[in-house]
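*Asks:*
In the numbering used here, the protein residues as written are 48 to 320.
#1: So residue 243 packs on residue 170, CB below 8 Å; how close in whole Å?
#2: Throw me the rounded Cβ distance for the residue 81 and residue 195 pair, which I believe falls under 8 Å.
#3: Are at least three pairs of beta-carbons, each pair with one atom in the stretch 219 to 230 and one in the stretch 300 to 317, less than 8 Å apart?
#4: Given a threshold of 16 other Cβ atoms within 10 Å of its Cβ, counted over all protein chains shown, does residue 123 qualify as buried or as exposed?
#5: If residue 221 and residue 258 are in contact, beta carbons under 8 Å, what's the gap, nearest whole angstrom?
#6: Ignore the nearest five residues each way along the sequence and tell me which others in residue 249's own chain have a CB closer than 7 Å to its CB.
#7: Rounded C-beta distance between residue 238 and residue 217? I'm assuming under 8 Å.
#8: Cα separation between residue 294 and residue 144?
#9: Terminal residues of the continuous alpha helix (DSSP H) containing residue 108?
#10: Tell me where the alpha helix (DSSP H) around residue 277 begins and ends.
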C-alpha cells in the first residue's frame with residue numbers, strides 16, 4: 048500500500064502494510080490493462096481507421112467485455128465501476144457502494160486518439176479501491192507506446208526544468224491551466240487521453256497536468272494511484288482530496304504534478320477563479 052501526500056487523503060484515511068495479496072492485486076491489474084491493450088491494438092489493425100465511429104464503439108465494447116469477464120472469473124466477490132457500465136451495481140453481481148473491493152475501470156481512455164492512425168496517446172485504466180484503504184493497486188497501459196505503468200514500480204521525479212511543461216487537452220485547454228502556465232512561466236503541451244497526460248507527468252515528459260473540464264472516477268483512479276505511488280502530487284484543483292467509490296462518480300477536476308510545483312500551481316489556479 049502506498050502513502051499519499053498529506054494534501055491528498057485516501058478514502059478511509061487508513062494505511063496498510065504491503066502484503067502478498069496486494070502484490071497479487073497489482074499484478075492482476077497490470078495483466079488486465081496490458082491484455083486489454085493488446086486486444087485494442089489487434090482491433091485497430093484488423094478494422095483499420097476508415098470508419099472511426101465503428102472502431103471507437105468496438106474498442107469500448109470489446110475492451111470492457113474482456114476486463115469485466117476476467118474480473119468476474121478471477122475476483123468473483125469484487126464489484127466493478129466501469130465507464131461502459133456506469134451503474135450503481137457492479138456487473139459482477141455486487142453492489143459497489145456496499146462492497147469492500149471495487150475495481151474502477153476505463154476500458155479505453157481516449158477513444159478519439161484510439162481511432163486516429165498514428166496516435167499513441169490513449170490508455171487502459173485499471174484500479175482497485177478497498178474500503179478503509181482507498182486505492183491500493185492500479186495499472187495504466189499505454190498500448191501504442193508499448194508500456195504499462197503500475198503502482199508497484201517506482202518512477203523517479205527528475206530534476207526541475209528551466210521552463211516547466213504543463214500537459215493539457217488537445218482541443219480545450221482549461222483557463223486554470225493557461226493561468227497556471229502564465230504564473231510559473233510554463234509552456235502548454237497538448238495531448239490526448241487523461242491517462243496519457245497523467246503518465247506523461249509520471250515518466251517525466253512533462254511536469255504537471257491540470258484539468259477542469261469534467262471527468263469521472265474511472266478517468267483518474269488508476270493514473271492517480273500510479274502517480275501517488277511514486278510520490279507525485281495528485282489532488283482536486285482546489286487542493287482537496289480525490290475520493291473514489293462515491294455515490295456520484297463525477298469527479299470533475301484534477302491536478303497531477305511534481306511535488307515542488309503543487310503549491311505554486313494551486314495558488315495560481317485559485318487566483319484564476
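The beta carbon of each residue, even a glycine, is placed where N, CA and C say it ideally should be.
*Replies:* In short, the structure shows the following:
#1: Under the criterion of beta carbons closer than 8 Å, residue 243 and residue 170 qualify as touching, at roughly 5 Å.
#2: Their Cβ separation, rounded to whole angstroms, is 5 Å, which keeps residue 81 and residue 195 in contact under 8 Å.
#3: The answer is yes - the stretch 300 to 317 touches the stretch 219 to 230, with three or more Cβ pairs under 8 Å.
#4: Residue 123 is exposed by the Cβ-count criterion.
#5: Going by Cβ atoms, the distance from residue 221 to residue 258 rounds to 6 Å, so yes, they are a contact pair.
#6: If we look at residue 249 and ignore the five residues flanking it on each side, its Cβ neighbours are 196, 202, 273, 274, 277, 279.
#7: With a Cβ gap of about 7 Å, residue 238 and residue 217 count as contacting.
#8: Rounded to whole angstroms, residue 294 to residue 144 spans 7 Å at the Cα level.
#9: Boundaries of the alpha helix (DSSP H) around residue 108: 99 to 121.
#10: For residue 277, there is no enclosing alpha helix (DSSP H), as DSSP marks it with neither H nor E.
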